[in-house]
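Worksheet for the structure shown next.
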Amino acid sequence: MRASRVLLALALAAALAAMGWAFGRIYRTCSLMHPGKVLVTGYCNCGKCCGWERLANGETVYTYGKLKGKPKRVGITSRGTTARHGTIAADLRHYPYGVKLYVPGYGYGVVEDIGGAIKGHHIDLWFPTHEEAKRWGAKWLKVEFVN
Ligand SMILES: [Zn+2]
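No gaps in the numbering here: position 75 of the sequence shown is 112 in our numbering, and each next residue is one more.
Okay, here's the thing in structure tokens:
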């Protein structure tokens with residue numbers, strides 16, 4: 038009797054842990070908790086947002102990822118365009134280059150950039166200053182495709 042109770046408790050704990058893990062994954066990758074919505078965050082050209090640093094010789098290089106140590110053109114998107122209001126970084130498998138989106142509270146934008154942490158149903162909006170990017174924060178929003 039006792040052994041079966043312990044087994045039952047263990048099975049229950051394992052089931053709960055598995056559910057918690059699964060929910061965490063779903064929340065992050067599929068956003069099922071926010072049906073039809075996209076996680077919208079903000080970024081600017083700064084080294085903190087874009088993962089670059091200035092070396093003693095004035096050169097700017099990536100600080101992490103596959104391009105670590107390689108030259109970084111500050112303010113230039115991965116597509117080669119100049120980052121400006123309306124520039125959106127996204128996961129290109131979900132939102133390819135050139136996709137036009139309307140984001141409530143921000144306006145119209147075009148996908149022209151990528152980001153190491155921008156995966157799945159998550160987009161990153163460009164702001165001229167770090168303060169503005171921080172003020173935007175992180176919101177789950179219904180984003181409209183324009184094209
Ligand atoms: Zn920044």
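By construction, the Cβ of each residue, glycine as well, lies at the ideal position given by its N, Cα and C atoms.
A quick note: this is a predicted structure, and the numbers were derived from the prediction, not measured.
Extent of the continuous beta strand (DSSP E) run through residue i
{"i": "histidine 71", "result": "Taken as a continuous stretch (DSSP letters only), histidine 71 belongs to no beta strand (DSSP E), as it is neither H nor E."}
{"i": "arginine 91", "result": "89 to 91"}
{"i": "alanine 175", "result": "175 to 178"}
{"i": "histidine 159", "result": "159 to 163"}
{"i": "glutamate 149", "result": "144 to 150"}
{"i": "leucine 138", "result": "137 to 140"}
Outcome for residue i when other beta-carbon atoms lying within 10 angstroms are tallied against a minimum of 16
{"i": "histidine 159", "result": "buried"}
{"i": "lysine 109", "result": "buried"}
{"i": "tyrosine 64", "result": "For tyrosine 64, the predicted structure reports a pLDDT of 49, less than 50, and the residue's modelled location is therefore unreliable. A value from the coordinates is still provided. Its Cβ having fewer than 16 others within 10 Å, tyrosine 64 is exposed."}
{"i": "alanine 46", "result": "exposed"}
Contacts around residue i, its chain only, beta-carbon distance under 7 Å, and the 5 residues preceding and following it disregarded
{"i": "glutamate 21", "result": "Nothing can be reported for residue 21: it is not among the residues displayed for the chain, which extend from 38 to 184."}
{"i": "alanine 170", "result": "Gly79, Tyr80, Cys81, Cys86 and Phe164"}
Residue i at chain C interface by Cβ criterion, 9 Å
{"i": "lysine 156", "result": "No chain C appears in the structure shown, which is made up of a single protein chain."}
Same chain, Cβ closer than 8 Å to residue i, five either side skipped, listed in chain order
{"i": "glycine 144", "result": "His122 and Gly123"}
{"i": "threonine 100", "result": "Gly84, Gly88, Trp89 and Glu90"}
Proximity test, residue i beta-carbon vs ligand 3 heavy atom, cut-off 8 Å
{"i": "alanine 170", "result": "Of the ligands one can find in the structure shown, namely ligand 1, none is ligand 3."}
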